[in-house]
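A.B. asks: In UniProt numbering, the protein residues as written are 1 to 229. Take this structure first; my questions come after.
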């Protein structure tokens, strides 16, 4: 859940692991901010709070691999705990530098895809890269939810406007659209829809609200700049 897995996947994984270790009756309830788990009436229910969330589907895949080994009976509880701890302590699959380069190049490609001109490609790469770097910086600096998205999109709009003013860009709207696309919470929107279709209404609605507010913060940052143009 911390790395972008769907709610139903987390609950199914917990149920399969419990069944593999001889626990016939287990109950789990997963939300984006917490996990509740109980195995029988004699043991108290466990609660784990989820404070920070990111996107690392490689870790999700590794946990799924461990789950399959447990279900096949080839992994002991102690070995499973050790491997899971190593995954949790491990770094992100892609470093911040790699993510930054990918976001910058993706910004230029999105700009072209949405009808921009090749002349604006360097400007979109520049704005997208700086905007994504600002997103990462403000995520570490400020813990206020949605502030980093607002600040990053505000900076993207400002840079795009300056590029057009000084002659370094031609179509400001296309540069902005391409540059903010890496900020859009696409995985969160997808997981929200999948959770809703799986019957996890609380999780789906909360993820959907998170995605909508994030998108609103991105749009608000750009709107502030456009309103003064």
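Just so it is clear, CB atoms sit at the ideal spot from N, CA and C, and this is done for glycine as well.
#1: Please confirm if the stretch 170 to 185 is in contact with the stretch 98 to 108, defined as three or more CB-CB distances below 8 Å between the two stretches.
#2: Please say whether residue 203 and residue 32 have beta carbons closer to each other than 8 Å?
#3: With a threshold of 8 Å on Cβ separation, who are the neighbours of residue 100 within its own chain once the five nearest residues in sequence on each side are excluded?
#4: Taking residue 9 as part of the beta strand (DSSP E), name the residues at either end of that continuous run.
#5: How big is the Cα-Cα spacing for residue 65 and residue 140?
#6: Closest to residue 121 by CA distance: which of 87, 164, 85 and 90 is it?
#7: Would you call the CB atoms of residue 153 and residue 138 closer than 8 Å?
#8: Determine whether the beta carbon atoms of residue 96 and residue 59 lie at a separation below 8 Å.
#9: Measuring alpha carbon to alpha carbon, tell me which residue in 74, 182 and 10 is nearest residue 48.
#10: Taking the continuous beta strand (DSSP E) assigned at residue 35, which residues delimit it?
#11: For residue 228, which of helix, strand or coil comes out of DSSP?
#12: How is the alpha helix (DSSP H) around residue 174 delimited, first residue to last?
#13: Hey, how far is the Cα of residue 173 from the Cα of residue 55?
#14: Straight-line CA distance for residue 77 to residue 112?
#15: By DSSP, does residue 125 sit in helix, in strand, or in coil?
#16: Might you give, ordered along the chain, the residues of its own chain that have their beta carbon closer than 6 Å to the beta carbon of residue 13, omitting 5 neighbours on each side?
#17: Could you check the C-alpha separation between residue 218 and residue 115 for me, to the nearest Å?
#18: Between the beta-carbon of residue 229 and the beta-carbon of residue 161, is there less than 8 Å?
#19: For the putative contact between residue 188 and residue 210, defined by C-beta atoms under 8 Å, what is the C-beta separation to the nearest angstrom?
#20: Check whether the Cβ atoms of residue 170 and residue 117 sit closer than 8 Å, and answer yes or no.
#21: Ordered along the chain, which non-local residues of its own chain (more than five positions away) have a Cβ less than 8 Å from that of residue 1?
C.D. replies: According to the data block:
#1: yes
#2: Looking up residue 32 in the chain shown gives position 32. Looking up residue 203 in the chain shown gives position 203. Yes, they are a contact pair.
#3: As a first step, residue 100 must be located in the chain shown, where it is residue number 100. For residue 100, where only same-chain residues beyond five positions count, the Cβ hits under 8 Å are 129, 132, 133 and 136.
#4: The count along the chain shown starts at 1 and reaches residue 9 at position 9. From DSSP, residue 9 is part of no beta strand (DSSP E) but of the alpha helix (DSSP H) over 7 to 20.
#5: One-based indexing of the chain shown puts residue 65 at position 65. One-based indexing of the chain shown puts residue 140 at position 140. Roughly 31 Å separates the two Cα atoms.
#6: In the chain shown, counting from the first residue as 1, residue 121 sits at position 121. Among 87, 164, 85 and 90, the Cα nearest to that of residue 121 is on 164.
#7: Taking the chain shown and counting its residues from 1, the one referred to as residue 153 is at position 153. Taking the chain shown and counting its residues from 1, the one referred to as residue 138 is at position 138. With respect to the 8 Å criterion, residue 153 and residue 138 are not classified as neighbours on the basis of their beta carbons.
#8: The residue labelled residue 96 in the question sits at position 96 within the chain shown. The residue labelled residue 59 in the question sits at position 59 within the chain shown. Against a cut-off of 8 Å, the Cβ pair of residue 59 and residue 96 comes out as no contact.
#9: Reading the chain shown from its first residue, position 48 is the one you call residue 48. It is 10 whose Cα lies nearest to the Cα of residue 48.
#10: Start at 1 with the first residue of the chain shown, and residue 35 comes out as number 35. Residues 34 to 38.
#11: By one-based count along the chain shown, residue 228 stands at place 228. In the three-state DSSP reduction, residue 228 falls in the coil class, being neither helix nor strand.
#12: In the chain shown, counting from the first residue as 1, residue 174 sits at position 174. From DSSP, the alpha helix (DSSP H) with residue 174 extends over 172 to 180.
#13: As a first step, residue 173 is located in the chain shown; it is residue number 173 there, counting from the start. As a first step, residue 55 is located in the chain shown; it is residue number 55 there, counting from the start. The alpha-carbon atoms of residue 173 and residue 55 are separated by roughly 28 Å.
#14: Here residue 77 corresponds to residue number 77 of the chain shown, with the count starting at 1. Here residue 112 corresponds to residue number 112 of the chain shown, with the count starting at 1. Rounded to whole angstroms, residue 77 to residue 112 spans 51 Å at the Cα level.
#15: Along the chain shown, read from residue 1 onward, the residue named residue 125 stands at position 125. Of the three classes helix, strand and coil, the one that applies to residue 125 here is helix, per DSSP.
#16: Working through the chain shown from its first residue, we reach residue 13 at position 13. Contacts found: 67.
#17: Residue mapping note: residue 218 aligns to position 218 of the chain shown, counting from 1. Residue mapping note: residue 115 aligns to position 115 of the chain shown, counting from 1. Distance between the alpha carbons of residue 218 and residue 115: 21 Å.
#18: Here the question's residue 229 lines up with position 229 in the chain shown. Here the question's residue 161 lines up with position 161 in the chain shown. In contact: residue 229 and residue 161 (Cβ atoms closer than 8 Å).
#19: As a position in the chain shown, residue 188 is number 188, starting the count at 1. As a position in the chain shown, residue 210 is number 210, starting the count at 1. That belief holds up - the Cβ atoms of residue 188 and residue 210 are roughly 6 Å apart, short of 8 Å.
#20: The residue you call residue 170 lines up with position 170 of the chain shown. The residue you call residue 117 lines up with position 117 of the chain shown. Against a cut-off of 8 Å, the Cβ pair of residue 117 and residue 170 comes out as a contact.
#21: Residue mapping note: residue 1 aligns to position 1 of the chain shown, counting from 1. Excluding sequence neighbours, residue 1 sits near 7, 10, 30, 32, 35, 50 and 53.
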